[in-house]
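Student:
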Amino acid sequence: MTIADPAGFILANTRLQTVPHAPEISLWLADEITPIWKLTEEELGELGLPPPFWAFAWSGGQGLARWVLDNPQTFAGKTVVDFATGSGLVGVAAMKAGAASVLCADIDPFCEAAVRLNAQANGVALSFTDANLLDAAPPEVDILCAGDVCYEKPMTDRVMAWLRQARAQGSQVFIGDPHRTYFRTDGLTHLAEYQVPTTRELEDFAIKRSSVFSLD
Ligand SMILES: C[S@@+](CC[C@H](N)C(=O)[O-])C[C@H]1O[C@@H](n2cnc3c(N)ncnc32)[C@H](O)[C@@H]1O
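Residue numbers (the working numbering): 21 to 236.
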């Protein structure tokens, strides 16, 4: 899939907005999902694409970003991967919390431009990869973050096994999740719970309970 001007598409179809549960951060976000989803399919000339996740700050990511911003001692000087970064929300939070470097990873073809624009908007440096990191052993970094990655069963099983592999290699692993159906808390330590403003466009409630966990 190729896109002529992904940054132009993002700037034309989103606006810079404060993240409700992490107002220190502003992101290029959409107000409604259906129009931008249709435009994405037109832009890429394909139907049945996944939603434009990068255009929203998901409740799992918002909770995790809040926790990251409030715990800079955990992130100061650390190398971080924000897996399934979407907009780059958690990556921005990690840099604001003093991380040495953050690599944002996502397979969506718009994410590289979204992460670049959102890094600029927040005055931080973020690296990006569109490689599917799940296809190999996890990168050897100090910390792996994953915000809202348990929304489908196959993805949940695969990501959680991969994150456990990262933990076994010695990385700290932090997960933000709004208690989605496939998310299991065994082997996790609960760190925080938040009531996160989201939108009925995306979720069943306007406020979602979102928790942050570390892998044991
Ligand atoms: C619900 S969104 C969460 C985005 C962001 N972390 C947040 O909380 O706002 C899930 C993201 O997972 C990404 N994703 C799905 N499979 C992936 C994979 N194998 N590697 C990297 N990202 C993936 C999607 O493209 C999407 O951006």
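Glycine is no exception: its CB is placed at the ideal position from the N, C-alpha and C atoms.
(1) Going by DSSP in three states, L69 sits in which element: helix, strand or coil?
(2) Excluding the 5 residues preceding and the 5 following T149 in the sequence, name in chain order all residues of the same chain whose CB lies nearer than 7 Å to its CB.
(3) Within its chain, find whatever has a CB closer than 7 Å to the CB of A186; leave out the 5 residues flanking it on each side and keep chain order.
(4) So what's A77 in DSSP terms, helix, strand or just coil?
(5) With K98 as the anchor, note down where its alpha helix (DSSP H) starts and where it stops.
(6) Run through DSSP, which three-state label would T34 get?
(7) Of the choices F29, D90, A212, F225, whose alpha-carbon is the least far from that of S234?
(8) May I ask you to list the residues that DSSP assigns as paired with R229?
(9) For T209, list the residues DSSP reports as bridge partners.
(10) Is there at least one Cβ from chain B nearer than 8 Å to A212's Cβ?
(11) One question on the structure: do G97 and T105 come within less than 8 Å of each other, judged by their Cβ atoms?
(12) Count the other CB atoms, across all protein chains shown, that sit within 10 Å of the CB of I30; report buried if there are 16 or more and exposed otherwise.
(13) Output yes or no for whether 8 Å exceeds the beta carbon distance between W78 and A141.
(14) Whole angstroms is fine: what's the gap from P92's alpha carbon to G65's?
(15) In chain order, what residues of the same chain have a beta carbon less than 6 Å from the beta carbon of I195, not counting five sequence neighbours either side?
(16) Following a CB-centred definition, is N142 positioned closer than 7 Å to any heavy atom of ligand 1?
(17) Going along the chain, which unbroken runs of the beta strand (DSSP E) with 3 or more residues stay wholly within the region 144 to 209?
(18) Run through DSSP, which three-state label would F29 get?
(19) Cβ-heavy atom distance between I127 and ligand 1 below 7 Å?
(20) Can you list, in chain order, the residues of its chain with a C-beta nearer than 6 Å to that of L109? Leave out the 5 residues immediately preceding and following it.
(21) With DSSP collapsed to three states, give me the class of I56.
(22) Could you say which of F130, N138, C131 lies nearest to M16 if we only look at CA atoms?
Tutor: Concretely, from the data shown:
(1) The sequence position of residue 69 within the sequence shown is 49, counting from 1. Three-state DSSP puts L69 in coil, outside helix and strand.
(2) Start at 1 with the first residue of the sequence shown, and residue 149 comes out as number 129. Answer for T149: L123, A125, listed in chain order.
(3) Here residue 186 is taken as the residue at index 166 of the sequence shown, counted from 1. These residues qualify, in order along the chain: P158, L164, V193.
(4) Here residue 77 is taken as the residue at index 57 of the sequence shown, counted from 1. In the structure shown, A77 sits in coil (DSSP, three-state: anything other than H, G, I, E or B).
(5) In the sequence shown, the residue the question calls residue 98 occupies position 78. No alpha helix (DSSP H) contains K98, which DSSP labels as neither H nor E.
(6) Within the sequence shown, residue 34 is the residue found at index 14, counting from 1. Coil at T34, not helix or strand.
(7) The count along the sequence shown starts at 1 and reaches residue 234 at position 214. Among F29, D90, A212, F225, the Cα nearest to that of S234 belongs to A212.
(8) Counting from 1 along the sequence shown, the entry for residue 229 is found at position 209. Its beta-bridge partners are Q215.
(9) By one-based count along the sequence shown, residue 209 stands at place 189. T209 pairs with S234.
(10) As a matter of chain content, chain B is missing from the structure shown, which is built from one protein chain.
(11) As a first step, residue 97 is located in the sequence shown; it is residue number 77 there, counting from the start. As a first step, residue 105 is located in the sequence shown; it is residue number 85 there, counting from the start. Not closer than 8 Å, so no.
(12) Walking along the sequence shown from the start, residue 30 turns up at place 10. By the neighbour-count rule (16 or more Cβ atoms within 10 Å), I30 is buried.
(13) Translated into the one-based positions of the sequence shown, residue 78 becomes position 58. Translated into the one-based positions of the sequence shown, residue 141 becomes position 121. No. Outside cutoff.
(14) Here the question's residue 92 lines up with position 72 in the sequence shown. Here the question's residue 65 lines up with position 45 in the sequence shown. Their Cα atoms are separated by approximately 43 Å.
(15) For this step, residue 195 is matched to residue 175 along the sequence shown. If we look at I195 and ignore the five residues flanking it on each side, its Cβ neighbours are A166, F233.
(16) The residue labelled residue 142 in the question sits at position 122 within the sequence shown. N142: no, Cβ never under 7 Å from ligand 1.
(17) 147 to 149, 163 to 167, 192 to 197
(18) As a first step, residue 29 is located in the sequence shown; it is residue number 9 there, counting from the start. Helix at F29.
(19) Looking up residue 127 in the sequence shown gives position 107. Yes.
(20) Position 89 of the sequence shown, counted from the start, is the residue given in the question as residue 109. Around L109: A77, G81, A85.
(21) Along the sequence shown, one-based indexing puts residue 56 at 36. Three-state result, I56: helix.
(22) In this structure the chain extends from 21 to 236, so residue 16 is not present and cannot be described.
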